[in-house]
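Numbering (our numbering), first residue to last: 149 to 215.
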């Protein structure tokens, strides 16, 4: 039961994080359209790092479940 809760919390945290990153990136692009390429690149890198941490958390929860 704990592994399922942990995996769910990791997925929820990643979803919230990526949503905040995307929303703030859109606000930044609206304020400074000339910096769109730099902002978009940084957004993708940061979103990938957030997803990587979430994936690591889910893998740990699955390992706890089966080992």
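We put the beta carbon where it would ideally sit given N, CA and C, even for glycine.
Distance between beta carbons of residue 202 and residue 152, contact taken as under 8 Å: Not really, about 15 Å apart at Cβ, beyond 8 Å.
Quick check on the burial criterion: 16 or more other C-beta atoms within 10 angstroms. Buried or exposed for residue 158? buried
Any heavy atom of the ligand PLP closer than 7 Å to the CB of residue 169? Here there are no bound small molecules, and the ligand PLP is not part of this structure.
Which of helix, strand or coil DSSP assigns to residue 215: coil
Close-in-space but distant-in-sequence residues of the same chain around residue 206 (CB under 6 Å, 5 per side omitted): 155 and 158
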